[in-house]
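A.B. asks: Respectively, the protein sequence lines represent chains A and B. Going by the numbering used here, the first sequence opens with residue 31, and the numbers climb by one from there. Going by the numbering used here, the second sequence opens with residue 66, and the numbers climb by one from there. No residue lacks a Cβ here, since even glycine has one placed at the ideal position from N, Cα and C. Note that the structure is a prediction, hence the values are computed from the model and not measured.
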Amino acid sequence: EAGVAQSPRYKIIEKRQSVAFWCNPISGHATLYWYQQILGQGPKLLIQFQNNGVVDDSQLPKDRFSAERLKGVDSTLKIQPAKLEDSAVYLCASSLDGGGGPQETQYFGPGTRLLVL
Amino acid sequence: GENVEQHPSTLSVQEGDSAVIKCTYSDSASNYFPWYKQELGKRPQLIIDIRSNVGEKKDQRIAVTLNKTAKHFSLHITETQPEDSAVYFCAASKGLYGNKLVFGAGTILRVKS
């Protein structure tokens, strides 16, 4: 089966600019996750969608980050305005469901590497 | 909220030796514990997971053990090979609807040939 797709793979912007990332989950996967992975750290969940509804966005800096998942399939994550500390890899993942059963395995995309100058 | 600590941060072993990575978690309600392998510049990939209703799970050269009382779980890799070199992350989740994974900081494993 096709994996999680993300674009772009790399992005370099200056601080205060805006940037958007796109994710297409595995077909049929109801749950979509956006993670931020800072160099040398584990992924940190930013937001989780179940179909097109938000399940958890407690760690999303809502003053500058926004995300949407229209139609319950692909998703975009936006940063506006970007700060230096936003430099990281942004990983998208999906799972068949988020219900805690055997289908909860999360599959990750290749990530978007963001550098803010 | 949940906090996952992972150690060591780096681990070097000779090819053929065993490697052990340990994680502790804080929330006793967590019941799902996956391990991911991430090679340089690539996506994290699930290598093994365990649920709280079992104490050990094995898949060829990889095994995971779970001690719910002590709230720790470990990854064991036997007969290590150079291709095992990567960053390994543990994670914990309550497995409830919502299924938030909290990751450890990662362990850099180097297998020397």
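Measuring only the C-alpha atoms, how far is Gln89 of chain A from Glu121 of chain B?
C.D. replies: Within the first sequence, the letter at position 59 stands for residue 89 of chain A. Within the second sequence, the letter at position 56 stands for residue 121 of chain B. Their backbone Cα atoms lie some 32 Å apart in a straight line.
A.B. asks: Taking only the alpha-carbon atoms, compute the straight-line gap between Pro38 of chain A and Ala135 of chain B and give it to the nearest angstrom.
C.D. replies: Along the first sequence, one-based indexing puts residue 38 of chain A at 8. Along the second sequence, one-based indexing puts residue 135 of chain B at 70. Approximately 43 Å between the Cα atoms of the pair.
A.B. asks: Alpha carbon to alpha carbon, how far is Ile115 of chain B from Pro99 of chain B?
C.D. replies: Locating residue 115 of chain B in the second sequence gives position 50, where the first residue counts as 1. Locating residue 99 of chain B in the second sequence gives position 34, where the first residue counts as 1. Approximately 6 Å, taken between the alpha carbons.
A.B. asks: Under 8 Å: do the segment 100-115 of chain B and the segment 148-158 of chain B share three or more Cβ pairs, one atom per stretch?
C.D. replies: With the cut-off at 8 Å, the segment 100-115 of chain B and the segment 148-158 of chain B touch.
A.B. asks: Taking a contact to mean a Cβ-Cβ separation below 8 Å, would you say Ile173 of chain B touches Thr89 of chain B in this structure?
C.D. replies: Your numbering for residue 173 of chain B matches position 108 in the second sequence. Your numbering for residue 89 of chain B matches position 24 in the second sequence. Against a cut-off of 8 Å, the Cβ pair of Thr89 of chain B and Ile173 of chain B comes out as no contact.
A.B. asks: Return yes when the Cβ of Leu131 of chain B is within less than 8 Å of the Cβ of Ser117 of chain B, no when it is not.
C.D. replies: Translated into the one-based positions of the second sequence, residue 117 of chain B becomes position 52. Translated into the one-based positions of the second sequence, residue 131 of chain B becomes position 66. Cβ atoms of Ser117 of chain B and Leu131 of chain B: closer than 8 Å.
A.B. asks: Answer yes or no: do Leu166 of chain B and Gln136 of chain A have a C-beta to C-beta separation smaller than 8 Å?
C.D. replies: Within the second sequence, numbered from 1, the residue matching residue 166 of chain B stands at position 101. Within the first sequence, numbered from 1, the residue matching residue 136 of chain A stands at position 106. Yes, Cβ-Cβ distance for Leu166 of chain B and Gln136 of chain A is below 8 Å.
A.B. asks: Check each candidate in A:Asp86, A:Gly102, A:Ser124 and name the one with the smallest Cα separation from Leu62 of chain A.
C.D. replies: Looking up residue 62 of chain A in the first sequence gives position 32. It is A:Ser124 whose Cα lies nearest to the Cα of Leu62 of chain A.
A.B. asks: Tell me, which residues are paired with Val146 of chain A by DSSP?
C.D. replies: By one-based count along the first sequence, residue 146 of chain A stands at place 116. Beta-bridge pairing links Val146 of chain A to A:Ile43.
A.B. asks: In the DSSP assignment, the beta strand (DSSP E) including Val49 of chain A goes from what residue to what residue?
C.D. replies: Position 19 of the first sequence holds residue 49 of chain A. Start and end: 49-54.
A.B. asks: According to a CB-to-CB cut-off of less than 8 Å, which residues of the segment 82-95 of chain A neighbour chain B?
C.D. replies: Hits within the stretch, in order: Val85, Asp86.
A.B. asks: Between Phe138 of chain A and chain B, is there a C-beta pair that is closer than 8 Å?
C.D. replies: Along the first sequence, read from residue 1 onward, the residue named residue 138 of chain A stands at position 108. At least one chain B Cβ lies under 8 Å of Phe138 of chain A.
A.B. asks: Taking only three categories from DSSP, how would you classify Gly66 of chain B?
C.D. replies: On the second sequence, position 1 is the one that residue 66 of chain B refers to. It is coil, neither helix nor strand.
A.B. asks: Which residue from B:Gly171, B:Asn96, B:Asp82 puts its Cα closest to that of Asp73 of chain A?
C.D. replies: Stepping through the first sequence from its first residue, residue 73 of chain A is reached at position 43. The displayed chain sequence assigns Pro, not Asp, to residue 73 of chain A. When only C-alpha atoms are compared, the closest one is B:Gly171.
A.B. asks: Please identify the residue among A:Trp64, A:Gln71, A:Leu147 whose C-alpha is closest to the C-alpha of Phe95 of chain A.
C.D. replies: The residue labelled residue 95 of chain A in the question sits at position 65 within the first sequence. For Phe95 of chain A, the nearest C-alpha among the options comes from A:Trp64.
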